[in-house]
Amino acid sequence: MQFVEQISRMTLVEEMTSTDDTGNDQAMDGLIRRARAMLAEAAR
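Counted from 1, the sequence shown has number 4 at position 5 by numbering that gives the first Met the number 0; the numbering is strictly sequential.
As structure tokens, then:
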């Protein structure tokens, strides 16, 4: 469950920083995607 909370927090941070037009956006998106994929694996 702690993992799920981390993902939620990461997603929230990503949403708060999505107006940032730097390359950080893409790095964060990749991180979110990877974390969600890991979460999907863990949920099986």
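In this text, a Cβ means the ideal position worked out from N, Cα and C, and glycines have one as well.
Mark residue i as exposed unless 16 or more other C-beta atoms lie within 10 angstroms of its C-beta, in which case mark it buried.
i     : result
MET37 : exposed
Measuring straight from C-alpha to C-alpha, what distance separates residue i and residue j?
i     : j     : result
ARG43 : GLY29 : 22 Å
ALA39 : MET9  : 16 Å
GLN25 : SER7  : 18 Å
VAL12 : ALA34 : 14 Å
ARG32 : GLU4  : 15 Å
Quick one: what's got a C-beta closer than 7 Å to residue i's C-beta in the same chain, skipping five residues either side?
i     : result
ALA44 : This structure gives no information on residue 44, because the portion of the chain shown stretches from 0 to 43.
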